[in-house]
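One structure below.
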Amino acid sequence: MAAQLPYPEIAQIFARFRAAEPEPKGELEHSSAFTLLVAVALSAQATDKGVNLATRKLFAVADTPERMLALGVEGVTEHIRTIGLFRNKAKNVIALSQRLIDAFGGEVPASRAALQSLPGVGRKTANVVLNMWFRIPAQAVDTHVFRVANRTGIAPGRDVIAVERAIEDQVPAPYQQHAHHWLILHGRYVCKARKPACAACLIREYCRYEEKNL
DNA sequence: ATCCCGAGGG
DNA sequence: CCCTCTGGAT
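Take 1 as the starting number for the first sequence in full-length UniProt numbering and just add one per residue.
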């Protein structure tokens with residue numbers, strides 16, 4: 001592999017993120033590895049606000065694989081109908097619960113391969129669970145991270161795998177654990193898809209996006 | 001019309 | 001690689 005070009009100000013960028021938010025958290029509500037896994041699996045093409053509304057009702061009656069199975073696909077569907085892609089997701093939540101019981105003793109596994117063997121769990125969801133629950137500095141690249149990494153030039157890449165590797169290669173070790181949430185929160189509230197709030201951006205002086213797009 | 005903490009199938 | 005699933009927000 002050729003040496004990566006270092007982003008010159010990357011340490012300063014993350015120092016600013018950390019100063020503004022020392023312990024960045026995700027915004028998906030959960031109380032266990034299982035409820036986190038389900039919440040993340042439900043979050044595809046949905047706002048986390050909408051996911052939280054649905055999971056509050058769902059987890060009130062089913063916060064374990066066993067209780068989820070007792071609800072059945074129909075029961076899960078009733079609770080998550082307001083989330084996008086709800087039919088597939090309801091099926092996945094039940095199948096995932098069944099497989100957790102059959103193959104993993106009802107526990108959420110701590111490896112990416114095992115997580116990705118669960119129905120409805122892809123690389124991004126697996127990385128989020130590894131990062132948030134197991135404290136492994138895995139880099140989940142969702143729509144926000146992908147956009148921010150490319151726009152700012154922090155970790156450019158044509159696809160999510162390339163961006164994931166770029167973050168691992170470019171972001172200094174002390175910032176790896178929280179890089180995911182810093183980037184995602186920055187993308188959600190400042191470096192937005194439609195109208196990026198460049199005037200309010202903490203790292204504006206390190207970013208060339210605004211001048212290139214005006 | 002476009003986007004939201006994507007994944008699976010063809 | 002492409003397509004489909006899907007409701008709600010902007």
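For glycine and all other residues, C-beta sits at the position ideal for the given N, C-alpha and C. Source: prediction; values computed, not measured.
| Check | Outcome |
| --- | --- |
| Contacts around M1, its chain only, beta-carbon distance under 6 Å, and the 5 residues preceding and following it disregarded | Caution applies to M1, whose pLDDT of 47 falls short of 50 and renders its modelled position unreliable; the model cannot decide the point. |
| Limits of the alpha helix (DSSP H) - the one that T125 falls within | 123-132 |
| Short Cβ contact (8 Å threshold) for A126 with R135 | no |
| Bounding residues of the alpha helix (DSSP H) (the contiguous stretch that carries L202) | Here L202 belongs to no alpha helix (DSSP H), and DSSP marks it neither H nor E. |
| Coarse secondary structure for T47, derived from DSSP in three states | coil |
| For Y189, the first and last residue of its enclosing alpha helix (DSSP H) | 176-189 |
| Whole-number beta carbon distance between T82 and A54, since they are thought to touch under 8 Å | 6 Å |
| Residues near R208 in its chain [Cβ-Cβ closer than 6 Å; skip 5 each side] | none |
| Alpha carbon of H79 to alpha carbon of G122, nearest angstrom | 23 Å |
| Terminal residues of the alpha helix (DSSP H) in which H79 lies | 65-80 |
| Residue span of the alpha helix (DSSP H) that contains S97, given as start and end | 86-104 |
| Option nearest G187 by Cα separation, candidates E9, F17, Y7, P8 | F17 |
| DSSP state of L37 mapped onto helix, strand, coil | helix |
| 7 Å Cβ shell around Q176 - same chain, five flanking residues per side excluded | P137 |
| Q139, buried or exposed, once every other Cβ within 10 Å from all chains shown has been counted against 16 | buried |
| Spatial neighbours of E168 in its chain, beta-carbon cut-off 7 Å, leaving aside the 5 residues before and after | Q139 |
| P196 to V148 span [Cα, whole Å] | 10 Å |
| Host alpha helix (DSSP H) of E21 (start-end) | Taken as a continuous stretch (DSSP letters only), E21 belongs to no alpha helix (DSSP H), as it is neither H nor E. |
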